[in-house]
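Visitor: Residue numbers (this note's numbering): 7 to 75.
Below is the structure I would like to discuss, written out as structure tokens.
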Amino acid sequence: MENPSKQLADEYLRLGGHRRAVIDDNIVSTRCWEKDTPEAAQFWKDRIDTLDAAHRRQVVSFLPTINRI
7 MENPSKQLAD
17 EYLRLGGHRR
27 AVIDDNIVST
37 RCWEKDTPEA
47 AQFWKDRIDT
57 LDAAHRRQVV
67 SFLPTINRI
């Protein structure tokens, strides 16, 4: 059984989403330098922006990250 947050992140990326996770001192946010496809932007608006902050952070944590290890 796959994690629901990972499923949302994977679907967003599959639709052409370009947001990247930024995780710094336990603060989770996203950056986007390229415009999302209309499908990905709508998916983010409808399915991810509507989540509470904790669940949205979980989804973002499954996006590719810009952080270096």
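Even for Gly, the Cβ is constructed at its ideal location relative to N, Cα and C.
Who are the near neighbours of Ile72 in its chain, counting only those whose CB is closer than 8 Å to its CB and skipping five residues on each side?
Guide: Arg26, Ala27, Val28, Arg37
Visitor: Taking the DSSP output, what are the residues bridged to Thr71?
Guide: Ala27
Visitor: In whole angstroms, what separates the C-alpha of Asn32 from that of Glu45?
Guide: 30 Å
Visitor: Please go through the same chain and pick out, in chain order, the residues whose beta-carbon is closer than 8 Å to the beta-carbon of Trp50, but skip the five residues on each side of it.
Guide: Tyr18, Gly23, Arg25, Asp42
Visitor: What is the rounded straight-line gap between the Cα of Asp58 and the Cα of Val65?
Guide: 11 Å
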